[in-house]
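**Q**
Protein chains: 4
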Amino acid sequence: MARIRLGMVGGGNDAFIGAVHRIASRIDDRFELVAGALSSTPEKSRASGEALNLPRVYDDFKQMAIREARLKNGIEAVSIVTPNHVHYAAAREFLKRGIHVICDKPLTSTLADAKRLVKAAEASDALFILTHNYTGYPMIRQARAMIEAGDIGNVRVVQAEYPQDWLTVEQDFKQAEWRTDPARSGAGGSTGDIGTHAFNLACFVTGLEPDSLAADLDAFVAGRQVDDNAHVMLRFKGGAKGMLWSSQVAPGNENALKIRVYGDKGGLEWAQEDPNYLWFTPFGQPKQLITRNGAGAGDAAARLSRVPPGHPEGYLEGFANIYSEAAEAITARREGKEPGPDVVYPTVQDGLRGVQFVDACVRSSARNAAWVSL
Amino acid sequence: MARIRLGMVGGGNDAFIGAVHRIASRIDDRFELVAGALSSTPEKSRASGEALNLPRVYDDFKQMAIREARLKNGIEAVSIVTPNHVHYAAAREFLKRGIHVICDKPLTSTLADAKRLVKAAEASDALFILTHNYTGYPMIRQARAMIEAGDIGNVRVVQAEYPQDWLTVEQDFKQAEWRTDPARSGAGGSTGDIGTHAFNLACFVTGLEPDSLAADLDAFVAGRQVDDNAHVMLRFKGGAKGMLWSSQVAPGNENALKIRVYGDKGGLEWAQEDPNYLWFTPFGQPKQLITRNGAGAGDAAARLSRVPPGHPEGYLEGFANIYSEAAEAITARREGKEPGPDVVYPTVQDGLRGVQFVDACVRSSARNAAWVSL
Amino acid sequence: MARIRLGMVGGGNDAFIGAVHRIASRIDDRFELVAGALSSTPEKSRASGEALNLPRVYDDFKQMAIREARLKNGIEAVSIVTPNHVHYAAAREFLKRGIHVICDKPLTSTLADAKRLVKAAEASDALFILTHNYTGYPMIRQARAMIEAGDIGNVRVVQAEYPQDWLTVEQDFKQAEWRTDPARSGAGGSTGDIGTHAFNLACFVTGLEPDSLAADLDAFVAGRQVDDNAHVMLRFKGGAKGMLWSSQVAPGNENALKIRVYGDKGGLEWAQEDPNYLWFTPFGQPKQLITRNGAGAGDAAARLSRVPPGHPEGYLEGFANIYSEAAEAITARREGKEPGPDVVYPTVQDGLRGVQFVDACVRSSARNAAWVSL
Amino acid sequence: MARIRLGMVGGGNDAFIGAVHRIASRIDDRFELVAGALSSTPEKSRASGEALNLPRVYDDFKQMAIREARLKNGIEAVSIVTPNHVHYAAAREFLKRGIHVICDKPLTSTLADAKRLVKAAEASDALFILTHNYTGYPMIRQARAMIEAGDIGNVRVVQAEYPQDWLTVEQDFKQAEWRTDPARSGAGGSTGDIGTHAFNLACFVTGLEPDSLAADLDAFVAGRQVDDNAHVMLRFKGGAKGMLWSSQVAPGNENALKIRVYGDKGGLEWAQEDPNYLWFTPFGQPKQLITRNGAGAGDAAARLSRVPPGHPEGYLEGFANIYSEAAEAITARREGKEPGPDVVYPTVQDGLRGVQFVDACVRSSARNAAWVSL
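Residue numbers (full-length UniProt numbering), protein chains in the order written: chain R, 1 to 374; chain A, 1 to 374; chain G, 1 to 374; chain H, 1 to 374.
#1: May I ask which residues mark the beginning and end of the alpha helix (DSSP H) holding residue 218(A)?
#2: How about residue 7(G): is its C-beta nearer than 7 Å to some C-beta of chain A?
#3: Shorter than 6 Å, the distance from the beta carbon of residue 312(A) to the closest heavy atom of the ligand PLP, or not?
#4: Spatial neighbours of residue 118(H) within its chain, please: CB distance less than 6 Å, with the 5 preceding and 5 following residues excluded, ordered by chain position.
#5: When DSSP labels each residue in this structure, what does residue 282(A) get in the three-state scheme?
#6: What residues from chain G crowd round residue 289(R), counting only those whose CB sits closer than 8 Å?
#7: With a threshold of 7 Å between beta carbons, is residue 157(R) in contact with chain A?
#8: Using Cβ-Cβ distances below 7 Å, what residues of the region 266-286 of chain R are close to chain A?
#9: Under 7 Å, CB to CB, which of the residues in the region 25-55 of chain H have a partner in chain R?
#10: Cutting at 6 Å between CB atoms, please list the residues of its own chain near residue 129(A), excluding the five before and the five after it.
#11: What's the call for residue 73(G), buried or exposed, on a 16-neighbour Cβ count within 10 Å?
#12: Residue 229(R) by DSSP, collapsed to three states: which one?
#13: Does DSSP put residue 63(G) in a helix, a strand or coil?
#14: Provide the residue span of the beta strand (DSSP E) that contains residue 269(G), from first to last.
#15: Which chain D residues are close to residue 296(H), counting only those with a beta carbon under 8 Å from its beta carbon?
#16: Given a cut-off of 7 Å on the beta-carbon distance, is the pair residue 160(G) and residue 202(G) in contact?
#17: Within 8 Å, do at least three Cβ pairs link the region 246-256 of chain R to the region 166-173 of chain R?
#18: Am I right that residue 45(G) and residue 37(G) are in contact with their C-beta atoms under 8 Å? What's the rounded C-beta distance?
#19: Do you know how far the Cα of residue 61(R) is from the Cα of residue 67(R)?
#20: Using a Cβ-Cβ cut-off of 6 Å (strictly less than) and excluding sequence neighbours within five positions of residue 125(H), which residues of its own chain qualify?
#21: Tell me, which residues are paired with residue 78(H) by DSSP?
#22: Cα separation between residue 33(H) and residue 53(H)?
#23: In the structure shown, what three-state DSSP assignment does residue 199(R) receive?
#24: To be precise: take each residue of the region 301-313 of chain A, compare its Cβ to all Cβ atoms of chain G, and keep it if any distance is under 9 Å. Which residues remain?
#25: Please confirm if residue 229(R) has its CB atom under 7 Å from at least one CB of chain A.
#26: Could you tell me whether the region 79-94 of chain H touches the region 311-319 of chain H, where touching means 3 or more Cβ pairs closer than 8 Å?
#27: With a cut-off of 7 Å, does the C-beta of residue 194(A) fall near any C-beta of chain G?
#28: Name the residues in the region 360-372 of chain R whose C-beta lies less than 9 Å from a C-beta of chain A; which are they?
#29: Can you pull the chain H residues whose beta carbon is under 8 Å from the beta carbon of residue 375(R), in chain order?
#30: Would you call the CB atoms of residue 292(H) and residue 138(H) closer than 7 Å?
#31: Give me the residue from 69(G), 154(G) and 70(G) with the minimum Cα distance to residue 240(G).
#32: For residue 80(H), tell me which candidate among 70(H), 71(H) and 105(H) has the shortest Cα-Cα distance.
#33: Checking 7 Å against the spacing of the C-beta atoms, do residue 224(H) and residue 180(H) come in under that value?
#34: I need the DSSP call for residue 374(R), collapsed to helix, strand or coil.
#35: Interface residues of chain H around residue 20(R) at Cβ under 7 Å?
#36: Where does residue 291(G) sit, in a helix, a strand or coil, going by DSSP?
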C-alpha cells in the first residue's frame, strides 16, 4: 500500500505543533510529507521547507492548494497546523479541491468560522479529521469501549480537568503570544486551548451528549485578554452531571489532563501524564490497574498499540493514532470503500462542538455563570 | 498534669464515630473517659457504658449534664457524637453548665439550630471545639503555614473534592440510614456529611473568606431524599475562585478528600488517603514531596506529629490532634491562661459556616445553581 | 474485662521507642501503665516516671521485678524498650517471676544472649511477645492469609528491602549513637536494626523457613563500626529464593520497608510507607489494589482494623495491633484458656531467628559472602 | 542533510524488535530503510520486504552485504535484529565492508563470539552501535549528567532490577521460544535478555566500572534450560556495591526495569515504566520529582526530547534516541568529523561487557554464587 502524499500548512521552524504532526505522520509509515506552505511569510516558508527536505514548497496555502490539485501525484491530504484563526480559510481551499484535511484543534477561532467550515466539509468529497489527539490514546479507547459495553453501568458523573502552569506569569515567547491573543486564538484562552480537549474527551469517552453549561472564567494574570482559568459545571442529556476545570495558572501541573467517569456499576479514571494506565473499579470490587496491552485491556486499545505492556507509549504515539485512523479512512476512500467499524477519529462536527463549548463558556461567564445551552 | 475528665454523649455499641473519638482522646493520654450517655435508649446506654468500663453511665444527656455539673470531680468536657440533629440540644445542656464541648460535625442539622448553638457557645464560659478532624492532619497544618508564609503567593484557585462510593447503591445499614434522612442529618446529604469537610479545609488551609457559591446537587440513587453528589463553584473574597465536588456515588473512591491550592508563586496538593505527603511546587522549580517530619516540613506539622518521617500517621492521629489541641485549650483555661498561639481548632463559628455552606448549596441548587452569598 | 496492668523498662524522656510503646498500649484500651524503671539512671527514671504520672517508679528493672511480683495488684506484663544489650537481663528477671514480657526487637545484642533468653522464656509460665511491629499491619496479615490460601501459588521469589537514609552522614544524637555502637546494638548495624524486620516479614508473610544466606556488608561512613548497608541473598527451604537489602545510607528513603512475593500463580507487593494498600496480581489478570477494610480485603486484615477503608491507619496502629494480640493472649491466659486461632504475634523463637540472621550476615560477610546456614 | 540509507537483517513479519527498530529509525527522519534480509528463510524475507515496500530485498545477510557494498547508493548502515546467535556472523559481513552496524543486544550468544565481534569492529572503519535502548531515555541521560556533576556525591550503592512476568508459566509462542533456547539466546535467560540491560544501565548511569559479581540463578519453570530469575550481588571498582535482580517470573511486573543510585550527598531513582520522571533527593532536602523537559531537567535530557514537559515520551522515543545518536555519529563520519561531545551510544565494548556479565553470572551460579571477576 503506497504511502499517502501529505502536505502541510503552517508548522515552520520553531513551531511546536507542526513538528508533532510530522512525527505523528511518520511513526506508522502511512504518510509521506511532500509539500508545504509552512509559514505566513514566504521566505520563512521556503527556509523551513528546505530544512525539511520538502520536494515542493509554496508561498502560501492557496497557491499550494491550487497547484497540488493540478498535479498528477499531488498531495492527497493536508495537515493544517497554523494558529486557530487561519484554520477555516486554509481548510476551505483544500476541501473544495477534494484534498483531505487533517486540522489541528480548536476547529476555528470563531463560531461563525466553525459553522462555515462545517458547511465546507459537508460540501466536499474530502475527509475532514480534527486532531483532538487525546482521543488517540489506547487507554482512552479502552475506557470508551468499556463504557459502551456497560462495564460501569449508566454514567452519572464526569469529572474532567486540564490544568497547566505555563501561563502562571506573563510569558512573551511565541507559543504563549498567539494563544493569549483573542484575534488569533479566539475568545477563549484556556477554554479554547485545553478546555476543548477536556470537553471533547468527556463526550468521546462517555458517548454522552452535552446539554448545557455554567462557567466562571478568570484571567488571573494582569492584562491577559483571555481566560487562564475556567470553572465549568456541565449537564448532559439524560441526567448525568459533570465538572470541567481548565487552567493555565496551576503551578505543578504540566499537562495534567485527567478524566474520571462514574456510573452506577463502577468507575474509570485516566490521566494523560501516565497514559498507559486505566484505573477501573467495578463497584464492590478492588480497584484494577489496566495497562495498555496488558491483562484486562481489550481490542480497542490493542489495535492502536505498537509495543507490549510495560513498554510505555506516549503523546506522540497517541497523536500518531489519529494519523493512523486518518490513513485507514483515506486509503478506504481511495478504494471506494468504507473504513472498518473500529476506525474512529474526531470530525468537523466534534470541532464545531468544541467551538460551541468555548462560545458557551464565554457567554455564560459574561452572564454571571448562567446556564447556557450547548 | 492530671488528665481531663471527659464524658460522651452518643457513641454506643456499633457507632462508628464514637469509637473514633474515644481512641482519639486516648492516643496522647490527655483525657480520661469517665461518664457517658451513650445512646438515646437508656438500656443501650447502660449496656454500652458497661462494655466500656465507664464509672458513670446516664440515661440521657440532660441527666448527665445536671449530675456531672454537681459532682466535685465531674467531667470537665464532653464529646458529643450523636446524629447531627441532636447536637444542639445536647451541647446546650453542657455549655450552660460550664462544661467544655467537643462536638462532631456538621454543627447541627438546621441553620436555625446552628445559630442558636453559636449563641449558646458565646454565652458560655466553656470552650466549644468542633471535630473537623481533617484540620488536625500535620500536613494540612504544614500547608496552612506555608500559605500563610507566602510560599505560594496570592491564592488564585482552590480545588477541593471529597468523593466516596459507599452510597453508590441503596444501603440500609445504620450509618447510611441516618445520614440519608434529612430529619436527622439535615437538608444536605453529601454536602453535609463530607462537603462541609472539604469546604472547611479550603477555608482553613488558605485563610480565605468565602463569598458565594453556585451549586448543582443531585440524588442519583432512586428515592434518596438528600444529595449524593454536589458540584459547587466557589468565589472567595478578594477574587480567588474554587470548585468543590462532594460525592458518595463515585466508585473507586473510598474517602478521597483532596485539596489543591494554586497561587501566583506556587502550588500545593494534599490527599487525605496519603496524608503524610504534601506536594509543593514553587513555580519554575521541580515539584517537591514534603513528608511529615521530613526535610522541608516545619514546626506546624512537627508539633502534631509523634513518630519520625516514613512512619505513617493516619486518620486516628489526625483526629487525636484535635483532641490534643482541645486539651491544650482546656488545660490553659484551667489555669486561667490563654493557650499558646500555635493552638488551633475548629470553632462554633466554623461550624456555623459549614451549616451555612449546606444551606447555601441547597438553596442555590433549588434556584438552578444561582449564586448564593455565604 | 479489666485492663492489663503494665510496667515499662526503658523509655525515659526523649526515648523514641518507649513513647511508641506507650501509645500503642493505649490505643485499644487494653493496658494500663502503672509502673516503670524508665532509665538506667535512677534519677532519670524518677523524673520520667513523674512526667508520665506513673503510680510506681523504680530505680532499676530488678528492683521493679522483685517488688511488683510481690504486690497483690502488681504488673501482669512488662514492656522492655531499652537498647538491645539490656533486653536479656531485663527480660529474665520478669520471666522468672511469671510476668509476661513484651520486648522490643532485635531480641538481644548477641547470639549467646538470645539463646539464653529462649531458655528463660521456655522455662517460664509467662508469655513472651516480641514487637516485630510490622507484622501487626493489617495488610501484612492480609498478604499472609492470601499466601496461605494459595492465592499466589507456590512462592518462588521474595524481595525484601528496608532502606533508610538517616545515617548517610555521621550523626551524634542519641538514637544514632547507641544504634551504631556494637556493644549496645550488637554486631549488626542496619542488619540488626532494620534488616531483622525485613527478614522477619519475609518469613512471616510467606510462611517459608529460611535455609541459608550470603551477605555483603559495608560501613560506608568513615569510622562506623557496624554495617550501614547490607546486600543479602537468601535461600529458603523448598527452593524459593530471596534478596534482602537493608541500608541506612540511601538518601530519599525515610523508612522504606517493602516486601514483594512472587509465586507461580501471582504476586503481592506491600510498602510500609503506604501501609493501607496491598497490590495483588493474579497471573494473567490486571493488578488489583486491595485496601485495608476495602473490597477484596478479608478477615485477617479486618480484625486488626479500626476505621473504614480510605481512613488510613499507620505505624502506631500497626504497633498497637501487637499489643492487642498480646492482650488477647494475656487475657486468655488469665482465664486459663488458649487465645483464638487468629491471634498471632512474634515470639522468642522469631527473636532468636532474627539474631541468627544478624549473626549469619556478619559471619558470611567476613567470609567474602560465603553461604551460611540459618 | 540527506537521510542515511539503512538496511535491516532480521525483523520479518511478526518479529517484535524489528518493528521497533523501524519505528525508532523513522521518528526523527534521519534514516531511510531501503534494503533488507528480513528472515533466515528467503521466502519469508521476500514476503516481509514486500509488505514493507522495501526497494531491495535479499535472500540472506551475506548476499545483502556483498551487493549493497557494491552499489553506488548502497546502504550506509544496517540494523541487525535477529536472534542473538546470528549477531556476530551478520555484523562481521557488514563491518568488513565498511557498513555501519546498529545491532540489537545482547551483543552475541557466546563470549567467544563477543570477543570476535569486538575485533571485527575494531578492525573496521565502520561504526558499531549497540541498541541498549534504555540508555536513550532522556531521564537516564539526566541521571547520568547529575551523577557526573556530583549532585549525589560519591556513589555508594546501586540497586538495579528488571522484573517481568511473561515467562511465569511455560510459553510456546515465538518470542518466548528462542529466548529460552540456549543455542539461540546464549547461556543466560533472564540474565541475557534483560539482566544485561539492568547491568548496562547501572554502569552507564553511574560511570562506575564493575569489578566482580556473585550470582544465584534459577529456572523456576519446569524444563526451562536457561535462568528465569537471577539474584546478583555486584562490586564496583572503588568500593561501591550493588544488587541486581532480573526475573521473568514475577507476576505483576510487565517490564519493570528500575534503577536507584545512592551517593554520600543524595539519591536518584528511575523506573522505566514511568520514564518521564526522575526522583532526586539531595540529602537533607525534600524529594524532588524532576520531569522530562520540566523545571530541574537539564540539557542532557532536553537534547533527546521532542515535546514539552507533561507530554509523555515513551519506549519508542527512547529507542529512537539511540538511532538519533547513531545518525549524529554517522553523519559526522560522512563529513570526516567527530560527533559532538554530547553524542553517546552503547558500543561494542559495552556489548562485550554485557556478554561477560552473563558469562560471569552463569559461572558464579555454577560455583554456588562464588565471586567472579568482570
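Yeah, the Cβ is synthetic: ideal placement off N, Cα and C, and Gly gets one too.
Treat the numbers as computed from the prediction; the structure is a model and nothing was measured.
**A** Quick look at the numbers:
#1: Taking the second sequence and counting its residues from 1, the one referred to as residue 218(A) is at position 218. For residue 218(A), no alpha helix (DSSP H) encloses it; the enclosing beta strand (DSSP E) starts and ends at 210-218.
#2: Within the third sequence, residue 7(G) is the residue found at index 7, counting from 1. Interface flag for residue 7(G) against chain A is unset, since no Cβ pair is found closer than 7 Å.
#3: In the structure on display, the ligand PLP does not appear, and there are no ligands present to speak of.
#4: Counted from its first residue, the fourth sequence places residue 118(H) at position 118. Taking C-beta separations shorter than 6 Å and ignoring five residues to either side along the sequence, the partners of residue 118(H) in its chain run 348 and 352, following chain order.
#5: Taking the second sequence and counting its residues from 1, the one referred to as residue 282(A) is at position 282. For residue 282(A), the three-state secondary structure derived from DSSP is strand.
#6: Within the first sequence, residue 289(R) is the residue found at index 289, counting from 1. The contact set of residue 289(R) on chain G, defined by CB atoms closer than 8 Å, consists of 286, 287, 288 and 289 in chain order.
#7: Position 157 of the first sequence, counted from the first residue, corresponds to residue 157(R). True, the Cβ-Cβ gap to chain A drops below 7 Å.
#8: Taking a C-beta cut-off of 7 Å against chain A, the contacting residues of the region 266-286 of chain R are 266, 267, 269, 279, 281 and 283, listed in chain order.
#9: Listed in sequence order: 26, 27 and 29.
#10: If you number the second sequence from 1, residue 129(A) lands on position 129. Correct list, in chain order: 102, 326 and 345.
#11: Taking the third sequence and counting its residues from 1, the one referred to as residue 73(G) is at position 73. Around the Cβ of residue 73(G), a 10 Å sphere holds fewer than 16 other Cβ atoms; the residue is exposed.
#12: Residue numbering aside, residue 229(R) sits at position 229 when the first sequence is read from its first letter. Residue 229(R) falls in the strand class under three-state DSSP.
#13: For the purposes of this step, residue 63(G) is identified with residue 63 of the third sequence, where counting begins at 1. Note: residue 63(G) maps to helix in three-state DSSP.
#14: By 1-based counting over the third sequence, the position of residue 269(G) is 269. That run of the beta strand (DSSP E) goes 266-271.
#15: The structure shown has no chain D; the protein chains it does contain are R, A, G and H.
#16: Within the third sequence, the letter at position 160 stands for residue 160(G). Within the third sequence, the letter at position 202 stands for residue 202(G). For residue 160(G) and residue 202(G), yes; Cβs fall inside 7 Å.
#17: Under the 8 Å Cβ criterion, the region 166-173 of chain R counts as touching the region 246-256 of chain R, having at least three qualifying pairs.
#18: Mapped onto the third sequence, residue 45(G) falls at position 45. Mapped onto the third sequence, residue 37(G) falls at position 37. With 8 Å as the limit, residue 45(G) and residue 37(G) qualify as a contact, their Cβ atoms being about 6 Å apart.
#19: As a working mapping, residue 67(R) is identified with position 67 in the first sequence. As a working mapping, residue 61(R) is identified with position 61 in the first sequence. Each residue's Cα considered, the two are about 10 Å apart.
#20: Residue numbering aside, residue 125(H) sits at position 125 when the fourth sequence is read from its first letter. If we look at residue 125(H) and ignore the five residues flanking it on each side, its Cβ neighbours are 98.
#21: Your numbering for residue 78(H) matches position 78 in the fourth sequence. Per DSSP, 7(H) and 101(H).
#22: Residue mapping note: residue 33(H) aligns to position 33 of the fourth sequence, counting from 1. Residue mapping note: residue 53(H) aligns to position 53 of the fourth sequence, counting from 1. About 10 Å.
#23: On the first sequence, residue 199(R) is found 199 positions in, with the first residue counted as 1. Helix at residue 199(R).
#24: Those residues of the region 301-313 of chain A placed with their C-beta closer than 9 Å to a C-beta in chain G are 306, 307, 308, 309, 310, 311, 312 and 313, ordered along the chain.
#25: Here the question's residue 229(R) lines up with position 229 in the first sequence. Yes, because at least one Cβ of chain A sits closer than 7 Å to the Cβ of residue 229(R).
#26: By the Cβ rule, the region 79-94 of chain H does not count as touching the region 311-319 of chain H, because fewer than three pairs are nearer than 8 Å.
#27: What you label residue 194(A) is simply residue 194 of the second sequence in a count that begins at 1. Chain G contact via Cβ: absent.
#28: So the list reads 368, 369, 370 and 371, given in the order they occur along the chain.
#29: Past the boundaries of the shown model lies residue 375(R); chain R is included only from 1 to 374, so the question cannot be answered.
#30: Within the fourth sequence, residue 292(H) is the residue found at index 292, counting from 1. Within the fourth sequence, residue 138(H) is the residue found at index 138, counting from 1. Judged by beta-carbon spacing, residue 138(H) lies within the 7 Å limit of residue 292(H), meaning their Cβ atoms are closer than that value.
#31: Working through the third sequence from its first residue, we reach residue 240(G) at position 240. Closest by alpha carbon: 154(G).
#32: Looking up residue 80(H) in the fourth sequence gives position 80. Cα-wise, what sits closest to residue 80(H) is 105(H).
#33: Locating residue 224(H) in the fourth sequence gives position 224, where the first residue counts as 1. Locating residue 180(H) in the fourth sequence gives position 180, where the first residue counts as 1. Contact flag set, yes.
#34: Taking the first residue of the first sequence as 1, we reach residue 374(R) at position 374. Coil, per DSSP.
#35: Taking the first sequence and counting its residues from 1, the one referred to as residue 20(R) is at position 20. 307, listed in chain order.
#36: Residue mapping note: residue 291(G) aligns to position 291 of the third sequence, counting from 1. Strand, per DSSP.
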